[in-house]
Each structure stands twice: as structure tokens, then as C-alpha cells.
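In the working numbering, the protein residues as written are 49 to 260. Glycine included, C-beta positions come from ideal geometry on N, C-alpha and C. Notes to accompany the following structure.
Now the structure itself:
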């Protein structure tokens with residue numbers, strides 16, 4: 049079976065350092081592609097923000113993650129410890145104290161994700177969400193490349209037509225089997241009382257006459 053693919057770019061506006069949830073926007077795009085089952089690959093096209101999957105219910109999880117990152121990679125511009133035990137300024141500080149720390153934070157996290165798509169939706173756990181993690185202090189407009197490969201939506205009408213044809217074909221076979229066992233004089237022999245076979249045949253006739 050041939051696979052289809054879709055490639056697009058998702059634009060995300062951040063509010064500065066922190067997390068912006070993006071799985072809703074991704075799901076909207078996936079639905080529009082009509083691809084039902086496959087894999088979507090995400091690439092963050094920047095060197096100072098990253099992608100992560102994490103808790104979607106308790107916002108304290110994201111606060112704790114941010115606090116941990118602040119402790120590991122401070123954004124004060126002072127840089128790492130030198131040979132003399134003193135912190136030295138980062139060499140790359142063209143855009144401020146948060147410039148090089150943002151690059152280090154990106155290196156410690158991830159810029160790509162590959163996620164499964166099932167029934168036209170991202171396959172995520174109950175408590176999972178996809179976030180863009182902004183590592184710069186100021187708001188930025190970020191771009192994520194989204195590449196989806198998978199099987200397109202089945203033609204619902206074709207499936208319905210096939211199902212209807214099979215039902216009619218099976219109905220015809222059933223009708224033939226019942227008719228083969230049907231005794232035309234049985235109604236009179238039973239004192240004018242409809243038998244189960246008579247009632248079944250009447251129902252089959254009704255079905256056959258139904259245009260649906």
C-alpha cells in the first residue's frame with residue numbers, strides 16, 4: 049500500500065522563557081491532512097528553544113522543570129568555572145546574558161520528536177502533552193517543521209457501498225436457502241397460522257423491496 053506524506057511549518061509565538069503547549073495545533077494540522085495512521089516527525093528550527101513531552105495536568109511540574117534548568121544553567125551570563133575556580137563570562141554573549149545559556153539548554157534537551165498518529169490524532173498518554181520550551185528571556189516567534197508520513201483516510205462511501213453489497217449478497221443467499229425449505233401449502237396445513245418460516249420469508253421480501 050502506497051504511503052502519503054505532508055510537510056508543513058507550524059508557527060508558535062512564545063511569551064519568553066517557559067513552555068508553550070503545541071499538541072492541539074499539531075492535531076488540527078494532522079486532521080486537515082486526512083492521514084489516519086502514520087508517524088509525524090517534528091524539528092524545531094532554532095538553536096535556543098527545544099521540544100519536550102511532559103505533564104499536561106499539574107502546572108507545578110513545568111515550574112519545577114524550569115527551576116531545575118535555572119539551577120543547572122543560570123542565565124546570568126557569568127559562564128562556567130575557569131581553571132582558577134572563578135566563573136568567567138561566556139564568549140558568545142552578542143544578545144545578552146541569556147544568549148549562550150539558551151544554546152546550552154537546547155543542547156541538554158532535544159530539538160526533534162517523532163510521534164505516532166492513530167485515527168488522525170497524535171498518540172499520547174492520558175497525562176502527556178507536547179511543549180515548545182523557550183530558553184530565551186524575551187518572546188520569540190518559533191517555527192517547527194512537521195513531516196507526516198502515513199495512510200490516507202479511507203473512502204467512507206466506498207466502504208459503505210461495499211458493506212451494503214455484501215449484505216444484499218448474503219441476504220440473497222439466505223433467501224435461497226429459506227425458499228428451498230419452504231412448503232407453499234404449509235400455511236393451509238397449519239390451519240391458517242403463519243409459521244416462523246412464513247414470517248421470515250415475509251421479512252426477507254420486505255428487505256428486498258427496501259431501496260436502501
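Inter-residue distance for residue 138 and residue 109 is about 30 Å (C-alpha atoms, whole angstroms). The residues 175, 176 and 177, in chain order, have a CB closer than 7 Å to that of residue 104 in the same chain once the five nearest residues on each side in sequence are set aside. Shown here for residue 146: same chain residues with a beta carbon closer than 7 Å to its own, the five before and five after excluded, namely 123, 184 and 185 in chain order. Within the DSSP bridge table, the entry for residue 192 names 58 and 92 as partners. Annotation: residue 199 to residue 78 spans about 12 Å, alpha carbon to alpha carbon. DSSP places residue 69 inside the beta strand (DSSP E), whose first and last residues are 66 to 69. Residue 109 carries a helical assignment under DSSP once its states are collapsed to helix, strand and coil. Of all alpha-carbon atoms in 143, 67 and 133, the one lying nearest the alpha-carbon of residue 97 is that of 67.
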